[in-house]
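Residue numbering for the sequence shown is 19 to 258, as defined by my numbering.
Glycine included, every Cβ here is placed at the ideal spot set by N, Cα and C.
Below: one structure, written as structure tokens.
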Amino acid sequence: MYIPSHLEVTELDQQVELIREYPLGTMFSYNGGKSRLLDYFKSGKEDDAIDSEMCATHVPFCYVAGNSGTGPGKLIAHLARRNQHVELLEQSPNCLVVFQSVDSYVSPEYYPLKKKTHKFVPTWDFGCVHVYGRARIIRDDPAWLLEMLNAITDQEEEKRPDEANRWKVSEAEPSYLERMMKEVVGIEIEISSMQCKMKFQQDQPPVNVNGVLDGYSKELDAAKAQELSKFTRKHYPRDL
């Protein structure tokens, strides 16, 4: 990933924080032995088996820390048993998972200095984490699947404000849960490396950054504006 040095975040805790706040990752993998994708680019005709070469799946993950608590750790999730990505990962386990934070278009009109110089163009602010690793597909292991489902469910239910009404996997009717689990396989990604980019106005003077935050508060819904403000203030290198 292209990351200018002033936008790079190397601290593991900050990388993991984004993953846990925005756990819906896009998992990519590639099987170099296939040529369906190349054929598509050459002919413009989509083949039903195009995913047999390059595949992407959108799936919520749970991050599991390494044994030492400081290593890169693992990602766990589940996929539909019929998902063609399962077979591709068994053939070529190397993969990339991309997580992205809240994001927004930034208009030059937000910048107070624009009126003086007119030397500004639109941009887009966002944060992302790229996770590289090797996937292991876990089939027919109910104990592992149940542990994974509990971890992901608890991760998300704990974000709900009404603690008394947080759902637990144990509330599902046992035979129904058993049937559902037979339709999925587990996936465990041993992380080899992680990259993180936080692009939130770090190269702008404070007057312009405050203008952006003001623009967010006026034009976006309150929750999104608040989340963008949180990221911007956290990663801006000076006081605002």
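Give me the Cα-Cα distance between residue i and residue j, rounded to the nearest whole angstrom.
i: Asn168; j: Ala74; result: 25 Å
i: Ile205; j: Trp185; result: 23 Å
i: Gln173; j: His96; result: 15 Å
i: Glu196; j: Val203; result: 13 Å
i: Arg154; j: Ser193; result: 27 Å
i: His148; j: Glu191; result: 37 Å
i: Leu246; j: His253; result: 11 Å
i: Gly14; j: Ile170; result: The requested residue 14 is not part of the displayed model; the chain covers only 19 to 258.
i: Phe138; j: Asn226; result: 11 Å
i: Lys248; j: Gln102; result: 38 Å
i: Val77; j: Val27; result: 24 Å
i: Pro90; j: Cys146; result: 16 Å
i: Pro179; j: Cys214; result: 29 Å
i: Gly84; j: Arg99; result: 27 Å
i: Lys134; j: Thr250; result: 24 Å
i: Lys177; j: Cys80; result: 14 Å
i: Leu30; j: Ser119; result: 16 Å
i: Pro255; j: Ser23; result: 13 Å
Determine the closest residue to residue i out of the options, with distance taken between C-alpha atoms.
i: Gly257; options: Asn228, Thr141, Met19; result: At residue 257 the sequence reads Asp, which differs from the Gly that was named. Among Asn228, Thr141, Met19, the Cα nearest to that of Asp257 is on Asn228.
i: Ala161; options: Glu237, Val116, Pro78, Lys200; result: Lys200
i: Tyr128; options: Lys242, Glu237, Tyr254, Arg251; result: Glu237
i: Phe46; options: Met216, Glu26, Glu71, Gln244; result: Glu71
i: Pro223; options: Lys132, Leu114, Pro90, Arg100; result: Lys132
i: Gln32; options: Met212, Glu175, Ala243; result: Met212
i: Leu107; options: Phe218, Ser235, Glu208, Thr250; result: Glu208
i: Val187; options: Leu164, Asp159, Leu231, Gly233; result: Leu164
i: Pro130; options: Asp232, Cys214, Arg157, Asn112; result: Asp232
i: Cys113; options: Arg152, Leu30, Ala182; result: Arg152
i: Glu35; options: Gly50, Val82, Ser23; result: Val82
i: Met19; options: Tyr40, Gly50, Val115; result: Val115
i: Ile156; options: Glu39, Met198, Val104, Pro41; result: Val104
Name the DSSP beta bridge partners of residue i, please?
i: Ala95; result: Ile205
i: Trp142; result: Tyr123
i: Gly48; result: For the sequence presented, residue 48 should be read as Tyr rather than Gly. Answer is Met72, bridged to Tyr48.
i: Phe117; result: Val147
i: Asn112; result: Arg152
i: Ser211; result: Tyr150
i: Leu42; result: Pro78
i: Met199; result: BP columns for Met199 are empty, so no partner.
i: Met216; result: Gly145
i: Glu26; result: Lys215
Beta carbon of residue i: closer than 7 Å to some heavy atom of the ligand MN?
i: Ala153; result: As for the ligand MN, it is missing from this structure, which has no ligand bound.
So residue i and residue j are supposed to be a Cβ contact under 8 Å. How far apart are they, rounded?
i: Leu93; j: Met216; result: In fact, because the Cβ distance is near 20 Å, the residues do not count as touching under 8 Å.
i: Ser110; j: Tyr48; result: 7 Å
i: Ile37; j: Phe117; result: 5 Å
i: Val230; j: Gln220; result: Incorrect: roughly 12 Å between the Cβ atoms, too far for contact.
i: Ala241; j: Ser235; result: Ala241 to Ser235, Cβ: 12 Å. No contact.
Would the segment 139–156 and the segment 106–125 be scored as touching if the rule is three or more Cβ pairs under 8 Å? yes
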